[in-house]
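Residue numbering for the sequence shown follows the UniProt record's numbering, starting at 1 and increasing by one per position.
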Amino acid sequence: MTERVSLEGLRYAKAVAETGSFSAAARAFGVSQPALSSGVARLEERLGARLFERSTRGVRMTAFGAQILPLIERTLGDVDALTAEARRLTDPGPRSIRVGVSPLVDPGLVTRAYRAVRELDRPRDLVLREADLAMLQDGLVAGDLDPVLAPSVSPLPRFEHRIIDAEPMVVVTAQAADASSAEGAVRHEPVELTDVAGDPFILVPDACGLTTFTSQLFAAHDLPLTPYPGAASSYRVLEQWAGLGFGAALLPLSKLSSPDAPHRPLLDGGVEVEIFYEAVWDPGSGLAPDLCALADQLAARPDRLGCLERVGQPTRDDAAS
1 MTERVSLEGL RYAKAVAETG SFSAAARAFG VSQPALSSGV ARLEERLGAR LFERSTRGVR
61 MTAFGAQILP LIERTLGDVD ALTAEARRLT DPGPRSIRVG VSPLVDPGLV TRAYRAVREL
121 DRPRDLVLRE ADLAMLQDGL VAGDLDPVLA PSVSPLPRFE HRIIDAEPMV VVTAQAADAS
181 SAEGAVRHEP VELTDVAGDP FILVPDACGL TTFTSQLFAA HDLPLTPYPG AASSYRVLEQ
241 WAGLGFGAAL LPLSKLSSPD APHRPLLDGG VEVEIFYEAV WDPGSGLAPD LCALADQLAA
301 RPDRLGCLER VGQPTRDDAA S
């Protein structure tokens with residue numbers, strides 16, 4: 001290995017490992033698949049062994065790749081931390097932090113974000129933009145947004161990820177509404193995922209992340225998802241249609257019209273099903289130290305190391321998987 005290892009090649013390899021696909025990694029970087037494959041091949045040549053096994057069935061990491069990937073992640077983390085700190089020291093940066101928010105996110109998280117931004121070492125203004133996932137991701141890639149707060153359902157290999165919150169998922173059905181009306185009190189009896197998997201589910205257009213989450217949940221348990229033929233335009237309509245008996249609806253608890261609205265907590269083997277929310281940002285941004293501190297404050301979990309405490313270590317939380 002007489003030639004230098006390319007940072008570009010390291011980033012390409014990390015993206016392939018995260019997405020499990022050369023084509024998906026190429027799309028994330030906005031380059032052609034041959035260009036990305038060539039970059040990974042040059043890296044493998046410099047390292048002296050293959051990182052990935054390529055076949056018609058897909059991409060699989062080699063034993064060598066599995067051992068070397070943590071070193072690649074730490075190296076890229078150190079480089080990004082160095083760049084961000086240098087920018088912070090030489091450029092005071094903007095006074096505001098532009099935060100993209102998915103409409104699916106718990107409104108309480110937005111309130112916490114506002115307070116957390118004001119409590120940073122260098123207090124800044126918070127500028128919010130609510131949009132669907134595709135628009136948020138485009139804004140992040142274009143540099144028009146600093147962090148994005150969204151459900152953890154889509155890989156973005158070029159960016160830093162941090163799980164910051166979670167909330168229970170609930171099921172709304174006509175049976176739950178009827179039982180509540182008949183007994184004069186709202187019933188919140190839990191229900192297992194396997195017990196409702198046979199029902200048709202009313203979905204919203206696949207833009208905010210809810211439909212993606214629902215599809216991934218069923219697929220992870222090898223359960224068939226039967227969509228209702230129509231599509232609701234909002235969470236309120238989703239809840240109303242489910243109450244009328246058109247099908248079942250799966251919603252985060254915070255999206256119910258009222259906490260007392262008829263619903264049933266969703267369980268998986270007796271364990272509460274949750275949706276996870278994450279903060280995503282560019283690790284090379286001049287605001288990266290502030291964004292990292294913001295994510296740490298939003299997470300506020302003593303059992304997790306903050307991203308400022310583990311510079312150079314992988315930051316995608318296992319809970320998102």
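Glycine included, each C-beta is placed from N, C-alpha and C at the ideal position.
DSSP places S258 outside both helix and strand once states are collapsed to three, so it counts as coil. Between the alpha carbons of V273 and L104 lies a gap of roughly 16 angstroms.
Our two residues, L71 and K14, have alpha carbons roughly 10 angstroms apart in a direct line.
Secondary structure of F276 (DSSP, three-state): strand. Rounded to whole angstroms, G198 and V271 show a C-alpha spacing of 20 angstroms. Only exposed fits E119, as fewer than 16 other CB atoms lie within 10 angstroms of its CB. A distance of 8 angstroms or more separates the beta carbons of R98 and A295. Short of 8 angstroms from the beta carbon of T211, and not among the five residues preceding or following it, lie these beta carbons of its own chain, in chain order: L203, V204, P205. By the Cβ neighbour-count rule, L7 is exposed, with fewer than 16 other Cβ atoms within 10 Å of its own. Collapsing the DSSP output to three states places S152 in coil.
Looking from the CA of R95, the closest CA among A113, T111, V117, A24 belongs to V117. Burial check for L238: the Cβ neighbour count within 10 Å reaches 16 or more, so the residue is buried. Cβ-Cβ separation between A134 and E278: approximately 16 angstroms, too far for a contact (criterion under 8 angstroms). Cβ atoms of V170 and L109 stay farther apart than 8 angstroms, at about 18 angstroms. Under the three-state reduction of DSSP output, E189 falls in the coil class, being neither helix nor strand.
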